[in-house]
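Chemist: 203 is the number of the first residue of the sequence shown in my numbering; add one for each residue after it. Just so you know, even glycine gets a beta-carbon here, dropped at the ideal spot from N, CA and C. Predicted, not measured: the structure shown is a model, and the values here were computed from it.
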Amino acid sequence: MRIKGNGFSISTSNANIDLLEVIRNFMTSNNQTINRTDFSRRILINEEQNYFIGLVLTFKNQRKNCLSKIENGKFSIKVEDLQGDDKLVNFNFFCINKQSFKGLYLYYRGSCSLNNLFSKWQSQSNRFIRRKASSEKKALGKTATELQKDAIDSKYSQRIDYNILVDRNDLVTTLSSFRSIKAAGFRFDTIDFTSPELRGVEQFTRNTEVTFNIDEADRTRVRPLADQIGQLFRNVQNITKGRIEAIDHDGNERIVDLINSPSYFIEYEFDDMAEHVNGLTDDTFATNPIIGIIKSEMETGAKSHEFS
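1) DSSP three-state call for residue 228: helix, strand or coil?
2) So, is residue 299 buried or exposed, given that buried needs 16 or more other C-beta atoms within 10 angstroms?
3) Rounded to a whole number of angstroms, what is the C-alpha to C-alpha distance between residue 486 and residue 237?
4) Give the range of the beta strand (DSSP E) segment to which residue 293 is assigned.
5) Between the alpha carbons of residue 338 and residue 228, how many angstroms are there, rounded?
6) For the alpha helix (DSSP H) that residue 425 lies in, which residues bound it at each end?
7) Between 422, 492, 388, 243, which has its C-alpha nearest residue 258's C-alpha?
8) Measuring alpha carbon to alpha carbon, tell me which of 223, 207, 290 ends up nearest residue 147.
9) With a CB to CB cut of under 6 angstroms and the five nearest residues on each side skipped, what residues in its chain are close to residue 247?
10) Do you know how far the Cα of residue 397 is from the Cα of residue 410?
11) With DSSP as the reference, identify every bridge partner of residue 319, one or two as the case may be.
12) Are the stretch 306-321 and the stretch 452-462 touching, with three or more C-beta to C-beta distances below 8 angstroms?
13) Helix, strand or coil for residue 211, going by three-state DSSP, please let me know.
14) Return the first residue and the last residue of the alpha helix (DSSP H) that residue 442 is part of.
15) With H, G and I counted as helix, E and B as strand and the rest as coil, what does DSSP make of residue 332?
16) Below 8 angstroms, how does it come out for the stretch 266-285 and the stretch 468-485: are there three or more Cβ pairs, yes or no?
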C-alpha cells in the first residue's frame with residue numbers, strides 16, 4: 203500500500219480574518235475526541251517558527267482483526283480479538299507553511315481524507331468567526347443599531363477556503379470523490395473564436411474566462427462530468443488557470459484549484475512509514491521523522507516552489 207502526499211491550501215480574501223489566529227484556535231481542540239459510530243478521531247496541531255505541524259489519528263471501533271495466509275495456492279483466515287484498550291488506528295501527518303498557508307498531507311486508503319479534515323476545520327473556523335462577530339456586536343452596547351450589527355455580520359460574511367491542489371493527471375480521480383459538481387471555470391490565454399465580433403474584442407484582452415454552470419439535475423453525475431472536465435483540461439490548449447466548484451459528501455462546498463503541480467507530491471510504502479510511528483505519543487508527534495520527510499519535500503523537493 204502506498205502513502206501519497208496531497209498538496210492543499212488555506213486562504214481567504216477577507217482582510218478581517220487572520221489565518222494564524224484561526225489555526226491557533228484549531229489547536230485548542232488538541233485534546234478533544236470526535237466520536238462517530240464506527241470510529242473516533244483526534245486532530246493534533248503544534249506550532250513551530252515556520253510551520254504548523256499536524257497529526258490526524260482515526261481509531262476504529264472494531265474489536266476483531268482478520269489475518270490471512272496463503273499456502274499451496276489456498277487461503278486461510280484467522281480472526282484475532284483485540285486485547286484490553288487496543289484499537290486499530292490510521293494516521294495522517296501534515297505540515298502547513300505559516301507564510302503561504304499551503305501544506306502537504308499524507309494520505310493512504312482507509313485513513314482520514316483531506317475533504318473530511320476540511321469539513322472539520324470549516325465547521326470550527328465558522329464557529330470561531332461567528333464568536334468574533336458576536337463579541338464585537340456585544341461590545342457596541344445596548345444602544346447599538348441593527349445597521350451597526352449588520353455591518354459586523356457583513357464584515358465577516360466572506361469566510362475561509364480550504365482547497366486541494368491537483369494537476370491534469372489526477373483531476374478525474376479527485377473530482378469523482380465528490381457528491382456533486384456545480385461549476386467549472388477556466389482562464390485562457392486565447393480562444394479560437396469563430397465569430398468575427400468575438401475575435402475583434404479578444405484582440406484587446408489579456409485573457410478570457412469561461413464558466414460552465416452545471417445543470418442542477420446533472421450535478422450528481424460526477425464520474426461522467428469528471429471525465430469530460432478532465433478531457434477538456436488535458437486536451438484544450440492555452441488554459442492558464444482552472445477552478446472547480448464541488449460539494450462533498452457532508453454537503454460542504456469545496457473548491458478545487460487546477461494548477462501546474464501534482465496532487466501527489468511524494469509517495470512512500472506504508473510499511474516503511476509505519477516503522478516511524480512505533481511508540482508515537484501525543485508528546486512526540488511533532489518531532490517524528492515523518493514530519494522531517496514532509497518538511498524536506500516542501501523545502502527542497504522538485505515542487506517546493508508550490509509551497510512558497
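Modeler: Considering the structure as presented:
1) helix
2) buried
3) 23 angstroms
4) 291-299
5) 21 angstroms
6) 424-437
7) 243
8) Missing from the structure shown is residue 147; the chain here goes from 203 to 510 and no further.
9) 228, 229, 254, 256
10) 15 angstroms
11) Paired residues: none, contrary to the question.
12) yes
13) strand
14) Unbroken run through residue 442 is the beta strand (DSSP E), 441-449; no alpha helix (DSSP H).
15) helix
16) no
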